[in-house]
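Worksheet: the structure to be examined is printed underneath.
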Amino acid sequence: MKNENELAGFQGSCLCGSVTFELLGEIHDFYLCHCLRCRRSTGSAHVSTIVTDPENIRWLTGEEWIKRFDLPEAEKFSKQFCTKCGSLVPCVSRDGNRLSIPAGTLEQSTEAQPQRNIYWESKAKWYEQGLDAPRYEEYDKKRIS
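Counting in my numbering, the sequence shown runs from -14 upward without gaps.
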């Protein structure tokens, strides 16, 4: 049975496919961050982040399309994105100690589960209500206004 924290063999990409990568090693952390910065950065209720060691990534294509942004007033807020499509891609922390991987960039879903929600008190007020909303297998075309 494969270790649920194993990353070896996982691949990921940005939305347009210009930036692709392969992962190695194991997951050290997996969390959902609900802080305002992460919500603004993703345009969503939270960011889903898998953390591993910085050496556990191999860029396959498109490294030249990656741009880094370090929020000046925040000691730990950094992100990298594809300059062609704007999608977040993995990013090494400023101190070089960790690699943060946007979980949604992985081609296949890991068996690992998020270990915690952080900045829970900052969560979007509509987040929990959305968990109880009707669920569909695809976009509901009948609901288009």
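We put the beta carbon where it would ideally sit given N, CA and C, even for glycine.
Residue i, buried or exposed, once every other Cβ within 10 Å from all chains shown has been counted against 16
i	result
M(-14)	Low confidence applies to M(-14): its pLDDT is 45, below 50, so where it sits in the model is not reliable enough to give any reading.
C1	exposed
S3	buried
S85	buried
L56	exposed
K64	buried
L116	exposed
F66	buried
DSSP state of residue i mapped onto helix, strand, coil
i	result
L116	helix
K108	coil
R64	Correcting the residue identity first, residue 64 is Lys in this sequence and not Arg. K64: strand per DSSP, three-state reduction.
Test item: CB-CB of residue i and residue j under 8 Å
i	j	result
R24	A109	yes
I42	F15	no
G(-6)	E92	no
C90	L73	Position check: residue 90 holds Thr in this sequence, whereas Cys was assumed. Against a cut-off of 8 Å, the Cβ pair of L73 and T90 comes out as a contact.
T68	W50	yes
H13	V32	no
P39	G81	yes
C(-1)	I103	no
E(-11)	E96	yes
Enclosing beta strand (DSSP E) for residue i [first to last residue]
i	result
S85	L84 to P87
N(-12)	Element bounds for N(-12): n/a, residue is neither H nor E.
R101	R101 to I103
The ligand ZN heavy atom lying under 7 Å from the CB of residue i
i	result
C76	The ligand ZN is not part of this structure, which contains no ligands at all.
What beta strand (DSSP E) runs, 3 residues minimum, are completely inside the segment -9 to 51? Here the runs fully enclosed are -4 to -2, 5 to 8, 14 to 18, 32 to 37 and 42 to 46.
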